[in-house]
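Written below as structure tokens is the structure these notes are about.
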Amino acid sequence: MDEARKRDVELLTVSIDDRALLQKMVDQISRDSVRADFTFLSDPGHKVIDRYGILNPRDRRGLPHPTMLVIDKNGVVRWKFIEVDYKVRPTNEMILAALARLAEAPR
Amino acid sequence: MLDRVKVLSSFCLLAASATPLTAQTIALGPADGRDLPAADTGRVRVGDAAPDFTLESMRGGTVTLSNLRGKKNVVLVFYRGHW
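Protein chains in written order, with our numbering: chain A, 18 to 124; chain B, 64 to 146.
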């Protein structure tokens, strides 16, 4: 993705981890000398996870089904992938393609 | 012919009963998810307004999704947590 388009996209990640755990993970990532360009958000009571309907009912900790959404500047969902089967995962290419479609057809 | 009318009318009935359901889905319920089933993977669909939220950021402070309106596209990723 080119720099101009990168500036146009905010990458938000949500988990039930508290800030200490999130920090631990970010430290781990930066040890691998990869800069984490995301904003890590904490949803310890899985309220937002519930709101999006993606709680995994088989998990007692309140974990979500891994989910990705592309949301445009009007706040409308333009692409969505929910992983209920861990063997089926979205690729980076799928997400980039969804973002590219936003750039082509702004609403 | 009669059969066809029957099918058609049952289809209309189905469509009529489906309409309020759709409207309800678009409204998306209360902001904090109360009273909504937590496991309903079909609730938020492509074309829907993404439910708004405010969450604590690891960098300190909070992030509110609707604050990005008109400014940025968002890739929103829910993941299982620390690994």
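Built from N, CA and C at the ideal position, the CB exists for glycine as well. As the structure is a computational prediction, the values presented were derived from the model and not from experiment.
- In terms of CA proximity to G124(B), T56(A) leads the group T56(A), R78(A), G62(A), L86(A).
- If you draw a straight line from the Cα of D76(A) to the Cα of G62(A), it is about 14 Å long.
- In this structure, the beta-carbon distance from G92(A) to A101(B) does not fall below 8 Å.
- Contact between the stretch 95-103 of chain A and the stretch 28-35 of chain A is absent: fewer than three C-beta pairs spanning the two stretches fall below 8 Å.
- Judged by their CB atoms, S120(B) and L58(A) are nearer to each other than the 8 Å cut-off.
- The DSSP-derived three-state label of V105(A) is coil.
- In chain order, V31 place their CB closer than 7 Å to the CB of V65(A), counting only its own chain and leaving out the 5 sequence neighbours on each side.
- For the C-beta of K97(A), the chain B residues within less than 8 Å are, from N- to C-terminus, V107, R108, V109.
- Taking the Cα of V87(A) as reference, the smallest distance to any Cα among P81(A), G79(A), L113(A), S47(A) is reached at L113(A).
- By the CB criterion at 8 Å, A113(B) and L99(B) fall outside the cutoff.
- Annotated three-state conformation of R118(A) is helix, per DSSP.
- Residue contact check for I46(A) against chain B: no CB pair falls below 8 Å.
- Checking the DSSP bridge columns, you'll see E110(A) has no partner listed.
- For the stretch 27-40 of chain A, the residues whose beta carbon sits under 8 Å from a beta carbon of chain B are, in order, E27, L28, L29, T30, V31, S32, I33, D34, R36, L38, L39, Q40.
- Around the beta carbon of V138(B), 16 or more other beta carbons sit within 10 angstroms, so the residue counts as buried.
- The beta carbons of F141(B) and P74(A) sit no closer together than 8 Å.
- R24(A) has its alpha-carbon roughly 21 Å from the corresponding atom of S47(A).
- For the stretch 62-75 of chain A, the beta-carbon criterion of a distance under 8 Å to any beta-carbon of chain B is satisfied by H63, K64, V65, I66, D67, R68, Y69, G70, I71, L72, N73, P74.
- Annotated three-state conformation of A102(B) is strand, per DSSP.
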